[in-house]
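In our numbering, the protein residues as written are 10 to 184. Quick reminder that beta carbons are idealized off the backbone N, C-alpha and C, glycines included. Everything numeric in this text was worked out from a predicted model, so none of it was measured.
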Amino acid sequence: MKSILTRIYFVLFFLISSLYPGVKVAIIEFDCQDTEKSEAFTERLSTDLFRIGNYEVVDRNSIKKILAEQAFQLSGITSGDAIELGKILGVKYIITGNITTINGFYSDTYSVTAKILDVETAQVYKVGSADIKGSFNKFLNFGSKSISLQLSEKSSSQVELYPKNWKGSIGVENA
C-alpha cells in the first residue's frame, strides 16, 4: 500500500511540476550551525527564486518526503549526494550553500555562499555570496534577495521582489 501511494505521489508531483515554466531546481538546506536559521533562509531563498521566475523551484516538503523515502539525511548532504538526489527529483540543478555567523562586538555579520550544481555534469553552474551586518531578520530579507538575484543573473531593477507598496531600501554588501 505504501509503495502504491509513493508511486501515485511521484506521478502527481511530476505532472503538476511540468505545468510551470522555467528550469527545474531543488534547494537543499544550507549548511549552518543553527538548523532553524538554515531552514528559514532556505525557505526564503526558495520563495525569492520563485518570484524572479527563472526557476521552477521544487517544494521543500516534497524534497523532505523523497529524502525520507530514499533514506537521505537533509543536513550534511555532500555534493555527490546532492547530484544523486537531483536525479531522483528530476531537476536540472541543485542549489546548496553555507551560512556562517561572525559574532561582532556591536552586531553580527552573516555570510552566505550559494552554488548551483548541474545534475547532469556535476559541475558548478553559478555561484553567489553576500555578507550582511546586523540582525538575522535583516540577513534573511536582504541575503536571500541578494543570492536569488545573483543566481538568476538579474538586477534588482529587472524583478519585483517586494510588494508594490513596500517603502524600504536594500543595503546589501556583496562579497
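Straight-line CA distance for residue i to residue j?
i	j	result
Ile111	Asp117	6 Å
Thr130	Gly95	11 Å
Tyr64	Lys33	6 Å
Leu158	Ala77	31 Å
Lys46	Ile141	14 Å
Thr51	Leu126	16 Å
Ala2	Asp43	No answer is possible for residue 2: the residues shown for the chain start at 10 and end at 184.
Gly106	Glu93	17 Å
Val128	Ala139	24 Å
Gly62	Phe39	21 Å
Ile97	Lys135	21 Å
Cys41	Phe114	21 Å
Lys101	Gly31	10 Å
Gly99	Asn70	15 Å
Ile75	Lys163	31 Å
Lys176	Ser88	With a pLDDT of 44 at Lys176, under the threshold of 50, the modelled position of this residue cannot be trusted; read the value that follows with caution. Going by the C-alpha atoms only, they are around 39 Å apart.
Taking the DSSP output, what are the residues bridged to residue i?
i	result
Asn70	Answer is none; Asn70 lacks a bridge partner.
Val100	Partner(s): none; Val100 has no beta bridge.
Thr130	DSSP output for Thr130 lists no bridge partner at all.
Tyr115	DSSP, once it has assigned bridges, lists no residue as partnering Tyr115.
Ser138	Thr122
How about residue i: is its Cβ closer than 7 Å to a heavy atom in the ligand ZN?
i	result
Ser88	Here there are no bound small molecules, and the ligand ZN is not part of this structure.
If we call anything under 8 Å between Cβ atoms a contact, is residue i one with residue j?
i	j	result
Gly137	Ile156	yes
Ala123	Leu149	no
Phe59	Val67	no
Tyr119	Ile104	no
Gly152	Val133	no
Ile36	Leu54	yes
Lys154	Asp90	no
Secondary structure at residue i, three-state DSSP: helix, strand or coil?
i	result
Gly152	helix
Lys147	helix
Thr56	helix
Asn174	Residue placement at Asn174 cannot be trusted, given a pLDDT of 47 that sits under 50; what the coordinates show is reported in the next sentence. Correct three-state label for Asn174: coil.
Asp90	helix
Glu65	strand
Pro106	It is Gly, not Pro, that sits at residue 106 in the sequence shown. Correct three-state label for Gly106: strand.
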